[in-house]
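*Asks:* For the record, in the sequence shown the residue sitting at position 283 is 377 according to the numbering used here, with numbers rising by one throughout.
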Amino acid sequence: MSSPADLALFSLQKLACILSAVGSLMIISQVTRSQFNRKKTQQRLMLAISIIDFQTSIVWIFTPLFMPAYSGYPWSVGNRASCDTQGFIVQFSSAGFLYMCCLQFMYLLMIKYGWKEREITKLEKWFHIIPNAFGIVTATTALVLKQYNAANWDCWIAPLPADCTSSYEVNKGNTELTETDCIRGDMANIFRFAFFFAPLWASILFCIVTMIVVHRTMKKSELNFQKKYRFSQNSGNRQVSDEVKKQSIRYSLAFFIVWTFPTLARIVQFFQEVHPVLVVLSGTTIGLQGFFNALIYFRPRYAKCVKHKRWYNKVWALVHSTIFFCCYNDDYTKDSVDYVGRTSINTEQTSMSMTAKSMGPQQIVGSPEGKDEEKREEKDDEWHSNGEEGDATTKVKWASETQG
95 MSSPADLALF SLQKLACILS AVGSLMIISQ VTRSQFNRKK TQQRLMLAIS
145 IIDFQTSIVW IFTPLFMPAY SGYPWSVGNR ASCDTQGFIV QFSSAGFLYM
195 CCLQFMYLLM IKYGWKEREI TKLEKWFHII PNAFGIVTAT TALVLKQYNA
245 ANWDCWIAPL PADCTSSYEV NKGNTELTET DCIRGDMANI FRFAFFFAPL
295 WASILFCIVT MIVVHRTMKK SELNFQKKYR FSQNSGNRQV SDEVKKQSIR
345 YSLAFFIVWT FPTLARIVQF FQEVHPVLVV LSGTTIGLQG FFNALIYFRP
395 RYAKCVKHKR WYNKVWALVH STIFFCCYND DYTKDSVDYV GRTSINTEQT
445 SMSMTAKSMG PQQIVGSPEG KDEEKREEKD DEWHSNGEEG DATTKVKWAS
495 ETQG
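(1) Is Val153 near Ile183, with beta carbons less than 9 Å apart?
(2) For Gln198, which of Thr150, Val362, Lys339 and Val368 has the nearest alpha-carbon?
(3) Distance check for Lys401 and Arg174, CA to CA, integer angstroms please.
(4) For the beta strand (DSSP E) holding Ala189, just list the boundary residues, first then last.
(5) Give me whichever residues DSSP pairs with Trp250 in a beta bridge.
(6) Which same chain residues end up closer than 6 Å to Phe186 when comparing Cβ atoms and leaving out the 5 residues on each side of it in sequence?
(7) Using the three-state DSSP reduction, which class does Pro158 fall into: helix, strand or coil?
(8) Confirm, please, whether the CB-CB distance from Ala115 to Ser151 is below 9 Å.
(9) Under the three-state reduction of DSSP, which class applies to Arg360: helix, strand or coil?
(10) Consult DSSP for Gly172 and reduce its assignment to one of helix, strand or coil.
(11) Which of the three DSSP states, helix, strand or coil, is assigned to Arg138?
(12) Measuring straight from C-alpha to C-alpha, what distance separates Gln443 and Leu109?
(13) How big is the Cα-Cα spacing for Lys266 and Ala163?
(14) Taking Cβ to Cβ, would you say Ile351 is nearer than 9 Å to Met305?
(15) What is the DSSP secondary structure of Arg344, reduced to helix, strand or coil?
(16) Assuming the contact rule is C-beta atoms closer than 8 Å, Asn243 and Arg278 should be a hit. Round their C-beta distance to whole Å, please.
(17) Can you check which of these residues, Leu317, Ala388, Leu372 and Val371, is closest to Gln341 by C-alpha distance?
(18) Apply the 10 Å Cβ neighbour rule to Leu299 and answer buried if 16 or more other Cβ atoms are within range, or exposed otherwise.
(19) Looking at the structure shown, is Arg404 part of a helix, part of a strand, or coil, going by DSSP?
(20) If you check the beta carbons only, do Ile122 and Leu101 fall under 9 Å apart?
(21) Counting along the chain, where does the alpha helix (DSSP H) carrying Val238 start and finish?
(22) Find the nearest neighbour of Leu294 within the set Tyr391, Gln129, Asn226 and Met194, judged by alpha-carbon distance.
(23) How would you label Asn407, buried or exposed, when you count the other beta carbons within 10 angstroms and need 16 or more for buried?
(24) Quick one: measure Cβ to Cβ for Lys206 and Val307, integer angstroms, because I've assumed they're closer than 8 Å.
(25) Suppose the cutoff is 8 Å on Cβ atoms and the five residues either side in sequence are ignored; what does the same chain contact list for Ala236 look like?
(26) How about Cys196 and Pro158: are their beta carbons less than 9 Å apart?
Spelled out as structure tokens, the structure:
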């Protein structure tokens with residue numbers, strides 16, 4: 095009979111993965127159905143991240159179908175082949191945190207070094223090649239070396255039996271055995287570290303450094319702008335500028351939250367047996383990446399859903415328009431209508447002061463037209479933090495340049 099901790103892990107992880115799968119599917123739908131979003135490197139990276147999160151959430155939801163019947167996992171009916179399948183998909187998900195590094199690197203290039211969208215696009219192929227190559231190579235290697243076995247809550251890199259002595263320990267002379275007694279998963283701990291946790295922790299460190307640099311750059315840029323345009327009322331402008339910075343930081347923070355407990359569990363495992371509560375927390379939070387990403391991604395859209403007053407009506411409108419779009423008639427989620435901050439600026443009639451006062455999320459109908467709109471789009475590309483957001487700081491700077 096399963097312990098209370100096993101049942102808690104089973105139920106909480108399934109709930110977390112369902113939320114994550116729904117959130118990831120919403121992002122996938124929004125990016126693939128939006129012509130404007132598909133043109134943005136940031137949106138394509140979010141699409142790739144969401145696809146990986148979605149497929150991983152699905153195999154975790156249906157873990158009983160993959161786990162071997164002898165594993166002791168609740169209601170498991172799988173076999174060796176199904177276990178290998180899940181292990182491969184879970185290991186390939188390591189491409190997800192490398193994609194997160196690429197996303198943060200893109201923000202760094204645009205915010206600190208002023209790269210434009212067309213310059214980022216030239217580099218984008220490496221943003222896809224590196225994560226996918228790493229995921230495929232490590233997943234295939236682990237499959238060939240027979241590393242996939244039943245672990246705590248899924249099939250992944252694990253020794254079989256769980257208490258077997260690896261050949262590494264035998265070679266060190268730490269046992270009386272002359273050869274390993276592992277049937278499968280020999281040196282699983284080493285492969286776990288090399289194929290997953292080492293690149294994961296390196297990715298976390300990279301995102302932390304990038305987040306700090308982005309924060310300092312945006313703060314310095316904001317202060318310089320305030321000194322230059324002290325005569326204008328730019329409190330709203332500063333607020334939107336902060337949102338650009340915060341949007342990139344939010345993705346990093348969600349990434350940290352998801353991997354905090356799994357990291358702690360792995361560290362504790364080096365010294366002693368992991369407490370069941372920590373196992374439950376690890377298995378639950380690890381499945382929430384897609385959910386957190388969706389909260390961040392759709393946050394601007396939720397904020398301007400003025401048609402509905404109650405929060406659950408707004409949430410349902412977002413779910414309805416992205417997942418059940420075939421029977422959704424409201425057009426407030428479409429590309430050109432729903433892009434925040436793309437208010438047309440009349441360069442002949444609008445003064446610098448009036449521009450600063452009028453900054454804020456607004457909506458327009460129709461696609462960008464004219465040279466002025468193209469120039470504003472190019473400026474906005476340098477600082478956009480989401481396909482649904484614009485930067486008021488950028489627009490004020492552009493307006494001042496075009497008005498002389």
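All C-beta atoms in this analysis are idealised placements derived from N, C-alpha and C, irrespective of residue type, glycine included. None of these values were measured; they are calculated from a predicted model.
*Replies:* Reading it off the structure:
(1) As a first step, residue 153 must be located in the sequence shown, where it is residue number 59. As a first step, residue 183 must be located in the sequence shown, where it is residue number 89. Contact: yes.
(2) Position 104 of the sequence shown holds residue 198. Gln198 has its Cα closest to that of Lys339, out of Thr150, Val362, Lys339 and Val368.
(3) As a working note, residue 174 is residue 80 in the sequence shown. As a working note, residue 401 is residue 307 in the sequence shown. So the alpha carbons of these two residues sit roughly 52 Å apart.
(4) Numbered from its first residue, the sequence shown carries residue 189 at position 95. Segment Ser188 to Ile205 is the alpha helix (DSSP H) holding Ala189; no beta strand (DSSP E) there.
(5) The residue you call residue 250 lines up with position 156 of the sequence shown. DSSP lists Asn243 as partners of Trp250.
(6) Translated into the one-based positions of the sequence shown, residue 186 becomes position 92. Excluding sequence neighbours, Phe186 sits near Gly229 and Ala233.
(7) The sequence position of residue 158 within the sequence shown is 64, counting from 1. Of the three classes helix, strand and coil, the one that applies to Pro158 here is helix, per DSSP.
(8) Here residue 151 corresponds to residue number 57 of the sequence shown, with the count starting at 1. Here residue 115 corresponds to residue number 21 of the sequence shown, with the count starting at 1. Yes, the pair counts as a contact, with Cβ atoms nearer than the cut-off.
(9) Reading the sequence shown from its first residue, position 266 is the one you call residue 360. Looking at Arg360 - three-state DSSP - the assignment turns out to be helix.
(10) Reading the sequence shown from its first residue, position 78 is the one you call residue 172. Of the three classes helix, strand and coil, the one that applies to Gly172 here is strand, per DSSP.
(11) Residue 138 sits at position 44 when you count from the first residue of the sequence shown. If DSSP states are grouped into helix, strand and coil, Arg138 belongs with the helices.
(12) Walking along the sequence shown from the start, residue 443 turns up at place 349. Walking along the sequence shown from the start, residue 109 turns up at place 15. Confidence is the limiting factor: at Gln443 the pLDDT is only 37, short of 50, which leaves the residue's position unreliable and the question unanswerable from this model.
(13) Reading the sequence shown from its first residue, position 172 is the one you call residue 266. Reading the sequence shown from its first residue, position 69 is the one you call residue 163. Those two C-alpha atoms are separated by around 34 Å.
(14) Walking along the sequence shown from the start, residue 351 turns up at place 257. Walking along the sequence shown from the start, residue 305 turns up at place 211. No. Outside cutoff.
(15) In the sequence shown, residue 344 corresponds to position 250, counting from 1. Reduced to three states, the DSSP call for Arg344 is helix.
(16) Within the sequence shown, numbered from 1, the residue matching residue 243 stands at position 149. Within the sequence shown, numbered from 1, the residue matching residue 278 stands at position 184. Between Arg278 and Asn243 the Cβ distance is about 5 Å, and since that is below 8 Å, they are a contact.
(17) Counted from its first residue, the sequence shown places residue 341 at position 247. When each option's Cα is compared against that of Gln341, the closest is Ala388.
(18) Within the sequence shown, numbered from 1, the residue matching residue 299 stands at position 205. Leu299 is exposed by the Cβ-count criterion.
(19) Here residue 404 refers to the residue found at position 310 of the sequence shown. Coil at Arg404, not helix or strand.
(20) Mapped onto the sequence shown, residue 122 falls at position 28. Mapped onto the sequence shown, residue 101 falls at position 7. No. Outside cutoff.
(21) Indexing the sequence shown from 1 puts residue 238 at position 144. Residues Glu211 to Val238.
(22) The residue you call residue 294 lines up with position 200 of the sequence shown. Minimum Cα distance to Leu294 is reached at Met194.
(23) For the purposes of this step, residue 407 is taken as residue 313 along the sequence shown, with counting starting at 1. Flag for Asn407 reads exposed.
(24) Within the sequence shown, the letter at position 112 stands for residue 206. Within the sequence shown, the letter at position 213 stands for residue 307. The Cβ separation is near 6 Å, so the contact holds.
(25) If you number the sequence shown from 1, residue 236 lands on position 142. Cβ neighbours of Ala236 beyond the five flanking positions: Gly181, Phe182, Gln185, Tyr242, Ile251, Phe285 and Phe289.
(26) Position 102 of the sequence shown holds residue 196. Position 64 of the sequence shown holds residue 158. Cβ distance not < 9 Å, so Cys196 and Pro158 don't count as in contact.
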